[in-house]
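Peer 1:
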Amino acid sequence: MRCEKNDYKGRYSWLGMNRKTSGMALTGFAAVFALLALTPASASLLPTGSADSPVLYGMAELTYKNGDGDIVAAHTVHNDLVNYGEGVLIQGVFGTLEANKRPHVICISDAADTVIEEDTVALAFARQSSFSSGATCIVADIETNATTAADDTGSRAIMNATFSSDDGDDNIIAGQTINTLAICDSSTSATALNDCGSTGALFSAVGVDFTGTVSAADTVDVTYTFDLRSPDN
Numbered sequence: 038m039r040c041e042k043n044d045y046k047g048r049y050s051w052l053g054m055n056r057k058t059s060g061m062a063l064t065g066f067a068a069v070f071a072l073l074a075l076t077p078a079s080a081s082l083l084p085t086g087s088a089d090s091p092v093l094y095g096m097a098e099l100t101y102k103n104g105d106g107d108i109v110a111a112h113t114v115h116n117d118l119v120n121y122g123e124g125v126l127i128q129g130v131f132g133t134l135e136a137n138k139r140p141h142v143i144c145i146s147d148a149a150d151t152v153i154e155e156d157t158v159a160l161a162f163a164r165q166s167s168f169s170s171g172a173t174c175i176v177a178d179i180e181t182n183a184t185t186a187a188d189d190t191g192s193r194a195i196m197n198a199t200f201s202s203d204d205g206d207d208n209i210i211a212g213q214t215i216n217t218l219a220i221c222d223s224s225t226s227a228t229a230l231n232d233c234g235s236t237g238a239l240f241s242a243v244g245v246d247f248t249g250t251v252s253a254a255d256t257v258d259v260t261y262t263f264d265l266r267s268p269d270n
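For reference, each letter of the sequence shown is one residue, going 38 to 270 in my numbering.
1) Let me check understanding here. Comparing Cα to Cα, which of 160, 173, 203 lies closest to residue 146?
2) Measure from the alpha carbon of residue 244 to the alpha carbon of each residue in 252, 150, 207, then state which is nearest.
3) Closer than 7 Å by C-beta to residue 161: which residues in its own chain qualify, once you throw out the five before and the five after it? Chain order, please.
4) Quick check on DSSP: helix, strand or coil for residue 152?
5) Would residue 102 and residue 256 qualify as a contact pair, given that the criterion is a beta-carbon distance under 9 Å?
6) Please report the straight-line C-alpha distance between residue 141 and residue 223, rounded to a whole angstrom.
7) Enumerate in chain order the residues of its own chain whose CB-to-CB distance from residue 235 is below 6 Å, with the five nearest sequence positions on each side excluded.
8) Just reading off the beta strand (DSSP E) that residue 197 is part of, what are its end residues?
9) Output needed for residue 262: all residues of its chain with C-beta closer than 6 Å, excluding positions within five of it in sequence on either side, in chain order.
Shown next as structure tokens:
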């Protein structure tokens, strides 16, 4: 399902928000890049006008930092939930879901975002030797507990990971561009983190419409937020 197509009876949308400051996002680098952001409009899963209508946000944030830790760019994008990801949500709520099939891995890729369709699978984000000499996937730190009174329903999950272009441990090689992010499980292997396909199955994917390249010693902070909070929470 590409959520912006509104192809269910309820209408889905994804909300993005520009950020020029840090806060776990997805990236960081040596030259100052142009800031691009995609901000789709929000919509309700229930008929318009229902005051308590829940909304669904899927958002990824990238923060680019240079070797000194200075933020040089930030970028925010929305995601596409693939068919397998829909099944994970249904099984997680109404069935049985093994721990290794929960989305908990963030992967970066140079695959073009045009490959993201309803039936896109993890193999579409295979690691290219020119893009990375190390693991392009990281098991994320995940926050699911309420942090403020406004979030006391616990209906938001935040995944954080930091990718590096340091010599000898390159998640991404200097001079390369991140075109897509993949949110994956570890149903294939919890240790083979070369790319989403070697790690597990694809939950959702994010096209990164950003042409900046990384430099040596840069880092990429990634935050993926899945939010089910109602407007009054």
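Glycine included, each C-beta is placed from N, C-alpha and C at the ideal position.
In this text, all values refer to a predicted model and were calculated from it rather than measured experimentally.
Peer 2: On the basis of the supplied data:
1) With respect to the C-alpha of residue 146, the residue from 160, 173, 203 having the closest C-alpha is 173.
2) The closest CA to that of residue 244, considering only 252, 150, 207, is found on 150.
3) Close CB contacts of residue 161 within its chain, under the 7 Å cut and outside five residues either way in sequence, are with 148, 152 (chain order).
4) Look at residue 152 here: in three-state DSSP terms it is helix.
5) Yes. Within cutoff.
6) In this structure, the alpha-carbon of residue 141 lies about 8 Å from that of residue 223.
7) Taken in chain order, the residues that qualify are 229.
8) Taken as a continuous stretch (DSSP letters only), the beta strand (DSSP E) holding residue 197 covers 193-201.
9) Setting aside the 5 residues that flank it on each side, residue 262 is surrounded in the same chain by 96, 195, each with a C-beta closer than 6 Å to its C-beta; the list follows chain order.
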